[in-house]
Amino acid sequence: MFKSKTKLWGSKKIVARYRNLGLGALIVLFTTMVLIVYLSPFGYMGVTAIKSKPQITQKDILPVSNVMYEYTGEEYPEWSVLTGSKYPLYHVPDEDGEMHEWALIATLEDRLIFLDPGNVREGVIEWAGDRGTVEPVVEAETFAYVGTGYKEEGVVRGTPYPLYDLEVDGQMRRLALFKSEGETHYFLNPEDPEGGIVEWQGDIASAAPLEEAVFYTHRGKKIPDVVLQPGAQYPVYEVPTEDGGIQRWAMVQEGTGATETYFINPDNLDAGILAWSEQPFADQQRPTANPVKRFDAQWQNFEQAWDAINFPRLLFNTAMIAILGMIGTVVSCTLVAYAFTRFPLPFKNVLFMVLLSTIILPKQVTLVPTYFVFSQVLGWTGTWLPLIVPHFFANAYNVLLLRQYFSTLPIELDEAAMIDGAGPFRILISVIIPQAWPAIVAVSLFHFVFAWNDYFEPLIYTLSNPEIAPLSVGIQIFNFVYDQQPHLIQATALMGLVIPVVLFFLAQRVFMRGVIMTGVDK
Amino acid sequence: MSVVGQMGKLASGRLPSGGEMSLQRTRTLWGWVFLSPWIIGFLAFYFVPMVASFAFTFTDLRLTRPGEASFVGLDNYRTLFNDPYVGKSLRVTLSYMVIALPISIIIPLGLATLLNSKSLWGRRLFRTLFYMPYVVPIISVTYIFNGFLNTQSGWLNRFLGEVLGISGPNWLYSSTWIYPALLLIGIWGTGNAMLTMLASMQTIPTELYEAARVDGANGVTIFRKITLPLITPMIFYNLILALIALFRYFDIPYIISRGTGGPNDITLFYNIYFYRVAIQYDRMGYGATLAWLLFVIGLLATIFLFATARHWVYYAGGDD
Amino acid sequence: MSRKLMIVLLTIAVVSALAVPFAPALAQDGGEPVVITWFIGLGAGGQPEHQAAQNEIVEEFNAEHDDIELEIIVADFDVSRDTLSTLIASGDAPDIIGPVGIGGSNDYAGTFLDLQPIIDELDYDLSRWAPSLVDFYRDPEEGLTALPFATYPSFVYFNRDLFDAAGVDYPPQVYGEPYADGDEWNVDKLREVAMKLTLDANGNDATSPDFDPGNIVQFGYAPQWWGDDIRSAVTSPFGAGSFYDPETGNAIMPDNWRAGIKWLYAGWHEDHFVPNYDYQQSDLLLAGNVFNSGHVAMSHSHLWYTCCLLDVPNWDIAVPPSYEGVYTAKLHADTFRILEYTEHPVEAFQVLDYLVAGPAMPKLLQVYGATPSDEVYLQPFLDNLDETFTQGVNWDVVIESANYPDNPNHESWLPNYSESVVAIQNWSLYMQATPGLDVDAEIEDLLATLQGIFDAAE
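Chains as they are written, first to last, in numbering that gives the first Met the number 0: chain A, 0 to 521; chain B, 0 to 319; chain C, 0 to 457.
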């Protein structure tokens with residue numbers, strides 16, 4: 000452009016150069032802004048790829064996790080009833096001598112702590128009686144037969160039968176008793192249920208029944224409301240102090256507007272549990288303390304996705320399908336486009352329309368007959384052939400592109416070569432292709448990208464042979480309706496982007512190069 | 000006709016001499032030779048399925064009961080005429096096309112112009128970055144936009160709300176905003192169009208620009224009188240592709256609307272209706288009829304575009 | 000090319016093309032092991048853990064059987080119908096499909112093999128299952144089309160941490176038991192409790208006048224993965240029903256469902272204790288996996304949901320609320336089915352037996368999270384779950400919930416099933432996403448649409 004600045008010299012040249020610089024900077028700035036807006040969803044993709052599922056639900060844009068404090072103090076309180084924990088039941092006499100079945104929560108020096116499963120609302124019972132009078136509640140250990148035999152002998156499938164340790168033929172064995180007739184007892188062997196029935200004569204009282212303790216599982220809320228256990232992790236919050244500073248406290252029990260929130264001060268554990276509403280700086284029920292967060296990207300998402308779908312194999316498959324198809328399409332589409340643009344064919348326009356019509360018809364409707372041809376007639380399902388071979392016979396998109404491009408190439412060069420005695424093939428190779436190189440590279444790239452992301456046809460043709468499936472099919476494993484894994488989908492998509500983008504970057508040099516027209520007479 | 004055109008006629012074999020016939024036949028034969036890969040492929044992989052699918056339109060075929068199909072004559076066509084959803088979905092497809100077609104040409108054209116500017120540093124990098132979204136697989140794209148455009152947690156609405164203070168609209172489930180939402184997603188897919196137009200711009204001989212500047216033309220005039228006309232073949236290419244793609248528009252609205260065709264059928268694009276009939280209702284006979292109607296309309300539209308091409312598309316090679 | 004030749008070629012092509020849809024599949028060679036294809040994708044079976052277990056089972060089966068080779072095809076749920084239909088239509092139909100539920104089976108009704116003749120021929124023992132379970136799969140026209148495999152009772156999952164934070168008592172875990180404050184545990188109580196558990200960004204709950212519906216960070220109740228199907232969302236807790244009255248052939252709206260729809264609609268758009276469409280799809284609620292996001296206090300779902308609940312550490316299960324004194328815990332039932340297109344029914348049945356009654360069964364049930372139909376496996380199955388979920392879940396609720404199934408099942412057949420379901424789904428989504436509607440008027444619209452679809456059925 001500035002070759003014609005032969006007219007400019009001196010100060011005008013310098014001004015022009017600065018203007019050029021300024022213009023360049025402006026354009027770069029503008030383009031960058033457009034790019035940022037254009038790629039903002041990409042940012043969302045990238046950020047999701049390094050989050051875990053709980054992090055995705057948070058409002059923070061970047062993956063963050065709460066900073067945690069590990070409690071190193073004493074267990075508080077001395078005893079607690081935790082939801083979901085099991086406590087053994089005991090027969091306990093109360094003051095009036097009545098026997099109860101209570102769950103033992105804790106054994107202290109001077110007393111025992113019990114909870115009555117039938118009356119949890121009353122709270123725990125502190126019992127200071129004689130420990131000798133307390134007996135564990137036991138029940139028989141059982142074995143249930145799951146086979147379908149022994150019906151005549153009286154074994155009912157699924158019924159739990161009590162286990163006994165008894166001596167049979169001089170050996171101690173553990174057997175399940177299912178029927179007794181006087182002194183004759185019939186057993187099954189849990190270790191070998193189909194091995195037959197064991198008959199035993201004797202007094203069953205001499206056999207030792209197996210017993211196990213019975214537990215109570217606590218289903219209600221934990222008692223008391225705040226329980227501290229050494230080793231437990233609590234999120235750290237920044238709490239404002241009286242003098243306007245900030246302290247870092249650990250929240251041990253979350254509350255809402257209606258309930259209390261409890262903290263402990265890691266620097267002052269002796270102060271015990273601090274209730275928010277009792278603090279001098281609490282101006283409202285809900286704490287205005289903010290959690291302390293740290294950047295916590297889940298880089299292992301990439302590793303997880305890599306392993307889960309065997310990324311290298313999928314990559315190889317995809318590359319193979321793309322490259323082979325690319326070769327086929329470039330060769331065939333060049334030939335076909337050449338035919339359409341340089342030769343007098345009868346009904347050329349009709350033929351061209353027929354070519355285009357192959358992509359206008361929705362592919363769903365031709366899917367079944369096409370699949371039939373590939374599967375029943377050719378037997379190509381489970382291979383790459385249906386995905387590659389058709390491309391060796393040209394397709395409308397690329398023929399259209401090449402046709403457009405060839406049409407812009409002036410016929411003069413063709414004619415010159417013809418006068419020199421070159422045949423049509425020679426002309427194609429030495430005249431057309433060198434000029435159309437950018438378009439040919441473009442076609443290769445387009446096919447490569449298309450094949451890289453095409454998913455429905457590869458899916459249906461590799462169904463019976465998942466080993467050869469490409470990336471776009473493999474990534475579907477993260478998309479099952481139940482338990483979608485958006486972070487893994489994005490991570491895989493990012494990893495799958497790399498190769499086409501790198502290819503594109505490198506290919507630019509070839510097909511972005513402008514063609515300087517020479518040899519054209521003006 | 001220009002000298003170029005006359006020379007073109009020469010090359011196409013219409014010599015004004017006695018050797019005309021044999022030369023033409025030779026040329027035609029060569030033409031067939033070069034066309035043969037496509038002919039073979041078409042007959043093998045397309046012709047049979049296309050004719051079969053046309054045959055389906057005369058049956059009541061259900062994909063899951065292939066053996067029970069029977070001939071029903073023109074019943075499906077009668078249903079086609081009386082089906083209100085045909086008109087509805089066609090209207091949706093066409094009205095979206097009216098907005099989307101210009102955008103799918105203008106935006107890539109603008110981007111290509113921007114990236115063609117000689118004053119732009121790091122052009123290769125910029126081009127790659129603008130092309131990148133085109134390479135993202137569709138499953139990922141729908142996840143991204145479902146999240147990005149969500150009314151509550153989507154970045155777009157959060158930006159509008161937190162930075163600009165505007166209450167963002169319901170992009171994905173409002174009759175007013177779903178089309179802009181689909182357009183936004185579509186813009187992400189214009190990488191290819193941008194690329195082809197850029198490539199085309201790059202092939203314009205620099206001498207032309209020089210000559211224009213010598214004559215005193217400014218940037219805008221250069222663009223209008225030189226760049227634009229010379230890249231019309233590429234614009235035409237992208238126009239055809241966009242037209243066909245819009246007729247076939249399916250994946251994105253299907254997933255975004257969870258297969259329902261959007262709030263109140265607003266995204267019931269023709270192809271989604273076809274899919275619903277053929278696969279979800281399992282009525283492939285009627286579905287094939289729908290598909291062929293689309294085919295006829297699409298073909299006519301394409302032919303029409305080709306016919307208008309001679310008025311505005313400039314081919315230096317003098318052919319067609 | 001001569002014109003005559005072209006015409007001849009064209010005719011051949013057209014004739015052969017017309018024969019394509021009706022050509023039978025090619026016959027198979029004898030002497031080699033019979034290949035049985037097992038198609039997965041209409042329901043569970045897609046997740047990595049499922050696939051690992053399934054592949055293991057296939058290997059073990061093939062090692063044990065010389066004359067049968069079992070193969071698996073897995074298709075993603077989104078395209079599974081597409082894929083299966085294509086396979087069937089092109090003569091490549093699989094032999095066995097599954098696991099597939101009631102709704103999924105309805106989509107393919109009429110294509111299943113009647114197992115009774117094989118059962119009679121092989122003298123197969125059906126007594127391991129309760130007769131009512133077997134009869135569930137009997138159809139007067141189709142015969143016995145499947146064997147009982149898995150049931151998924153449903154109940155209310157609740158997040159203990161969210162209840163603790165809000166200071167609200169846990170819901171009852173025994174059918175018939177009142178709520179902790181003595182009131183009856185019914186839908187009104189659920190609403191009350193859920194509203195206390197629905198919080199906005201400032202900590203106000205849904206009963207407070209300062210509540211900001213545009214900024215909700217926690218919801219009290221959400222049906223989980225209800226399939227955009229209103230039948231699924233209202234059957235529990237409002238009771239069973241059907242849109243179809245077989246006697247009159249009319250589309251009807253049962254009263255309990257009408258009440259349920261109104262309750263749910265108010266929950267979505269007025270009381271805000273149920274997430275509406277925008278919230279459900281947002282990142283806050285993990286785009287639909289709402290309970291696992293940790294921001295929903297109660298969620299009604301089935302036993303199979305244990306597959307996907309791995310990010311909430313402290314959950315337990317409770318009984319659904321009653322409506323007008325009736326408890327309903329809707330049921331999902333999965334099984335495997337043999338397609339009638341199979342060329343090897345006996346071998347396919349052998350595979351079926353292996354899956355539903357053989358060594359594969361406990362393994363599959365474990366990964367799918369399904370209750371065995373065979374009762375003896377129930378307790379070991381539940382004990383196994385305790386190893387994954389160590390917070391002490393009350394599995395008694397699972398066993399009890401099996402006694403309150405919805406009858407008729409919420410996925411049961413409607414005329415022109417596929418079309419009816421699509422219409423119902425469109426309507427359900429529309430209701431969930433659009434505030435300010437007149438619910439009764441919208442119900443009339445739905446019934447009119449359904450009536451048209453029912454009438455058009457052959």
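Here a beta-carbon is modelled for each residue, glycine too, at the ideal position from N, C-alpha and C. If you're wondering where the values come from, they're calculated on a predicted model, not measured in any experiment.
Since I believe residue j is in contact with residue i (beta carbons under 8 Å), could you give me their beta-carbon distance rounded to a whole number of angstroms?
i                      : j                      : result
residue 85 of chain C  : residue 367 of chain A : 6 Å
residue 198 of chain B : residue 441 of chain A : 6 Å
residue 267 of chain C : residue 275 of chain C : 4 Å
residue 423 of chain C : residue 230 of chain C : 7 Å
residue 279 of chain B : residue 417 of chain C : 6 Å
residue 576 of chain A : residue 234 of chain A : Since the displayed chain A opens at 0 and closes at 521, residue 576 of chain A lies outside it and no answer follows.
residue 180 of chain C : residue 168 of chain C : 7 Å
residue 330 of chain B : residue 96 of chain B  : A query on residue 330 of chain B cannot be resolved here, the shown segment of chain B reaching from 0 to 319 and no further.
residue 292 of chain C : residue 56 of chain A  : 5 Å
residue 364 of chain A : residue 286 of chain B : 7 Å
residue 47 of chain C  : residue 476 of chain A : 7 Å
Taking 7 Å as the limit between beta carbons, can you name the residues of its chain near residue i, skipping five residues before and five after?
i                      : result
residue 431 of chain A : 337, 405 and 408
residue 455 of chain C : 415
residue 302 of chain C : 151, 152, 368, 369, 370 and 397
residue 438 of chain A : 400, 401 and 404
residue 226 of chain C : none
Quick one, which of the options has its alpha-carbon nearest residue i's?
i                      : options                       : result
residue 204 of chain A : A/258, A/110 and A/184        : A/184
residue 335 of chain A : A/394, A/289 and A/386        : A/394
residue 493 of chain C : C/335, C/286 and C/396        : The requested residue 493 of chain C does not occur in the structure, where chain C is confined to residues 0 to 457.
residue 398 of chain A : A/81, A/261 and A/358         : A/358
residue 304 of chain C : C/47, C/83 and C/154          : C/154
residue 237 of chain B : B/134, B/312 and B/137        : B/312
residue 146 of chain A : C/358, C/409, C/312 and C/385 : C/358
residue 364 of chain C : C/31, C/33 and C/53           : C/53
residue 175 of chain B : B/125, B/271, B/264 and B/202 : B/264
residue 182 of chain B : B/287, B/104, B/258 and B/119 : B/104
residue 68 of chain A  : A/229, A/47, A/92 and A/462   : A/229
residue 139 of chain C : C/109, C/117, C/121 and C/167 : C/109
residue 131 of chain C : C/67, C/146, C/205 and C/119  : C/146
residue 153 of chain A : A/180, A/138, A/169 and A/130 : A/180
Apart from the five residues on each side of it in sequence, which residues of its chain come closer than 6 Å, Cβ to Cβ, to residue i?
i                      : result
residue 342 of chain A : none
residue 209 of chain C : 203
residue 215 of chain A : 86, 88, 102 and 116
residue 14 of chain A  : none
Looking only at DSSP bridge pairs, what is residue i linked to?
i                      : result
residue 178 of chain A : A/185
residue 199 of chain C : C/215
residue 293 of chain A : A/64
residue 248 of chain A : A/236
residue 92 of chain A  : A/98
residue 314 of chain C : C/158
With a threshold of 8 Å on Cβ separation, who are the neighbours of residue i within its own chain once the five nearest residues in sequence on each side are excluded?
i                      : result
residue 189 of chain A : 142, 162, 173, 174 and 175
Indicate whether the contact test is met: 3 or more Cβ pairs, each with one atom in the stretch 443-454 of chain A and one in the stretch 320-327 of chain A, closer than 8 Å. The stretch 443-454 of chain A, when compared against the stretch 320-327 of chain A, does touch it at the 8 Å Cβ threshold.
Three or more beta-carbon pairs under 8 Å between the stretch 155-163 of chain C and the stretch 293-307 of chain C, yes or no? In short, these stretches touch, since the Cβ pair count reaches three.
Count the CB pairs spanning the stretch 317-335 of chain C and the stretch 238-255 of chain C that are closer than 8 Å, and state whether there are at least three. Contact between the stretch 317-335 of chain C and the stretch 238-255 of chain C is present, because at least three Cβ pairs lie under 8 Å.
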